[in-house]
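2 protein chains.
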Amino acid sequence: MVSGMATIHDIARHTGLSAATVSRYLNGHPYVSKEAQLTIQLAIKELGYVPNDSARVLRSGQTRRIALVIEDAAHPFYSSLIAGVGAAAARLGHDILVQQVRGEAWHPGRLMQLVVTRAVDGVIIASELSPWSEYGDWLTDFPLVTCDQALQHADLPGVYIDHRQSTLDGLHHLYEQGARNILCLHTTPTSPCSSNTIRLTAFQEFAEGYPNAAIATQQVSDDLLHNGEEVFAAYTAGAFPFDAVFCGSDDLAAGILMAARKRGIAIPEQLKVLGFDDQPLAEVLGISTIHQPVRTMGERALEHLIQCTTSPGTHPRSIQIAYRLIHREST
Amino acid sequence: MVSGMATIHDIARHTGLSAATVSRYLNGHPYVSKEAQLTIQLAIKELGYVPNDSARVLRSGQTRRIALVIEDAAHPFYSSLIAGVGAAAARLGHDILVQQVRGEAWHPGRLMQLVVTRAVDGVIIASELSPWSEYGDWLTDFPLVTCDQALQHADLPGVYIDHRQSTLDGLHHLYEQGARNILCLHTTPTSPCSSNTIRLTAFQEFAEGYPNAAIATQQVSDDLLHNGEEVFAAYTAGAFPFDAVFCGSDDLAAGILMAARKRGIAIPEQLKVLGFDDQPLAEVLGISTIHQPVRTMGERALEHLIQCTTSPGTHPRSIQIAYRLIHREST
DNA sequence: GTGAAAGCGCTAACAC
DNA sequence: GTGTTAGCGCTTTCAC
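Going down the list, the protein sequences come from chains S and Y. For what it's worth, this note's numbering labels the leading residue of the first sequence as 118, then goes sequentially. For what it's worth, this note's numbering labels the leading residue of the second sequence as 118, then goes sequentially.
Following this line, the structure appears as structure tokens:
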């Protein structure tokens, strides 16, 4: 039933009209007689005709499809992003192709294949890529929008929150709550959702601005939820007697919280814990965190991209999205 | 740079060969002289030629794309499913189109458009649809795999766990732990991830099999995380003095847990709480739950579908996936 | 081994 | 208003 489907010519023959007229009808062009419209309608129903998308795409050069490149769909950040991009896409009559690149060798070249082969009209990328520099020229008017500030090289248009300032705000919040020895956790460079480089700089900047606060950094592995123990092991080893942890992720904060509870450490009196993102988990556990409106970011990114593809030549600019600190019980 | 790309004819002209030969080379056919291969390779590199996907698709009738229809990408169940389907798709050289239908009018007809317009080769659907019955004939050899047992009408091939038996097992577990008054929560029929109908029957079945246990059901709204209060309100109103709650979702269980904690109710001594799915949340909060290997389900579903599309005429059967009860602190 | 020609299903000039 | 024609870029007979 999938092969041997009716084509526009079948409709033409059936109605005694030409394919061109049928096409005009299909595309809502003017100058199709009432009479023709009716016969065509009838024939379409009768033959169960449905226009072939592939042919349309080939003809028009427009796929009405965009690719969304992420690390891992199962991660809360990315799944919200998919939800946002998907909702906006549906609204605008586009489809999204989700490309997970977790653990794979993925480079700009492969990304560009996607649009160069005309499989999609453009790309939203929310995953760190290898060096863009080698593609400098290409990228200039490439239909691409990023969702990760770390990708802000080469003037790529993007939609994101200010990771430097939000990190600074988070640290300041801990300070205000009385913390003076802040442990700043960061993930491996290859971890999903890492804005690591920017954060590391912000840690540094904070340390310089607040001389009476001590800052230490510690790298944790990717299994965020189970890292609490690891962190406390380092602590009891006497590395740095912290009274607050900046986690950079709610999962990680949750892990810390659980480990602390097991040790009878009072939260927030003895230890303040700050997450990042404001995932559902954070609310359930009462974790203070920095809310990132991920869904909205996805919607904006898609709208932005569509605009780029429809009015080419426009060099779109980056869009800053507002974040906000949410004060709960953990600080 | 996206328009005016080199075509196969450009390569032909550049090499002095014909488009046919270039095509043969591209598709790894035999009978292309070593010499021709080299010239073509060179020309491709020189002109930056990339074959146009749309044209290939039109010609071959194969998109190497499949649609994944879900309720809401942000829901943990669906995001894991995307991750699984996506990983398997990448492995098999396919792309996935994610279609969110949350809150939208979505019916089999629209779904079939997707494959009938040849936008995709097949569909994985993990979202409840309106009556399939009216499409009975079509569906027989339609390239479709479901991921929700509730869709098991009309002999649709599917990949899922046994919701009846798993519900029964969950209830039995609560019973074994000493519960005798079990409150069974279920969501609205339109909620994501609802295998409601099957569950409701299972509740009934359990009640009949265990005469000395009392069962009550209560419908909760969709905002799972915040339903704890709602449930306890009904409780204090004296409706049913339960000593255990079968939640049907980890989010919901988490909400109950929080509400119970606020009231000083001892878990599991005074109240046993059982979740479903085994989301990360469940582990963090120590919620006993029924583990559903969603990622694997996604992978299986895709493999299954590909097999259906490549060897048509095969009437694929449903695949049962193993679940397992995970005993944690909440029971 | 290679080329010429036909055609996948659709749309957009251009005629009438 | 409607038909004719000419492709979009590729693959695949069928000749040679």
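Heads up, the beta-carbon is just placed ideally off N, CA and C, and yes, glycines get one too. Nothing here was measured: the structure is a model prediction, and the numbers come from that model.
By DSSP's assignment, Lys389/Y forms a beta bridge with Ala361/Y. Spatial neighbours of Thr180/S in its own chain (CB-CB distance under 8 Å, excluding positions within 5 residues in sequence) are listed in chain order as Val174, Arg235, Ala236, Val237, Asp238. Rounded to the nearest whole angstrom, the CA to CA distance from Gly133/S to Ser428/Y is 38 Å.
Between the segment 399-414 of chain Y and the segment 358-375 of chain Y, the count of C-beta pairs closer than 8 Å reaches three or more; the two stretches touch. Here the alpha carbons of Glu293/S and Ala361/S stand approximately 11 Å from one another. For Thr427/Y, the secondary structure class from DSSP, reduced to helix, strand or coil, is helix. Against Asn344/Y, chain S offers no close residue; the least beta-carbon distance is about 12 Å (beta-carbon pairs closer than 8 Å).
Interface criterion met: the Cβ of Thr234/S is under 8 Å from a Cβ in chain Y.
A contact is defined here as three or more CB-CB pairs under 8 Å, and the segment 333-340 of chain Y fails this definition with respect to the segment 385-401 of chain Y. Residue Lys389/Y holds the alpha-carbon nearest to the alpha-carbon of Arg445/Y among Lys389/Y, Ala172/Y, Arg417/Y, Ala439/Y.
Gln294/Y carries a coil assignment under DSSP once its states are collapsed to helix, strand and coil. Looking at Thr305/Y, Gly295/Y, Leu422/Y, His303/Y, the one whose alpha-carbon comes closest to that of Tyr327/Y is Gly295/Y. For Arg297/Y against Ala324/Y, the beta-carbon gap comes to about 12 Å, at or over 8 Å, which does not count as contact. The DSSP-derived three-state label of Ser405/S is strand. Taking 8 Å as the CB threshold, Ser196/S lines the interface with chain Y.
In chain order, Ala200, Gly203, Ala204, Ala207 make up the part of chain Y whose C-beta sits under 7 Å from the C-beta of Gln217/S. At least one beta carbon of chain S lies nearer than 8 Å to the beta carbon of Asp170/Y. The segment 374-383 of chain S makes contact with the segment 342-358 of chain S: 3 or more CB pairs, one atom from each, lie closer than 8 Å. In the DSSP assignment, Val348/S falls outside any beta strand (DSSP E) and lies within the alpha helix (DSSP H) extending over 345-353. Between the beta-carbon of Leu198/Y and that of Val411/Y there is about 5 Å, and that keeps the pair under the 8 Å contact cut.
Chain S places a beta carbon closer than 8 Å to that of Ile213/Y, counting this residue as a contact.
Secondary structure note for Leu214/S: its beta strand (DSSP E) is the uninterrupted segment 212-217. For Gln154/S, the uninterrupted alpha helix (DSSP H) segment begins and ends at 151-164. For the set Ile125/Y, Leu291/Y, Val186/Y, the Cα lying nearest the Cα of Ile443/Y is the one of Leu291/Y. Counting only Cβ-Cβ distances below 7 Å, Val174/Y has contacts in chain S at Ser171, in chain order. Scanning chain S for C-beta atoms nearer than 8 Å to the C-beta of Pro397/Y yields Leu342, Asp368, Leu398, reported in chain order.
The Cβ neighbour count for Pro274/S, taken over all protein chains shown within 10 Å, is at least 16; the residue is labelled buried. Residues Arg281, Thr284, Leu285 of the same chain have their beta carbon placed closer than 6 Å to that of Ala319/S, with the five preceding and five following residues left out of the count. Under DSSP, the beta-bridge partners assigned to His303/Y are Gln336/Y.
From the listed residues Arg316/Y, Ala439/Y, Thr426/Y, Met414/Y, the smallest Cα separation to Ala204/Y is found for Met414/Y. In the three-state reduction of the DSSP assignment, Asp127/S falls in the helix class. Counting only residues of its own chain and dropping the five nearest sequence neighbours on each side, Ser140/Y has a CB closer than 7 Å to the CB of Ile125. Note that the C-beta distance between Ser196/S and Ser244/Y is not below 8 Å. For Met414/Y, the closest Cβ of chain S is not nearer than 8 Å. Annotation for Arg316/S: no beta strand (DSSP E) segment contains it, though the alpha helix (DSSP H) segment containing it runs 313-326. Between Val240/Y and Ile183/Y the beta-carbon gap is near 7 Å, inside 8 Å, which marks them as a contact.
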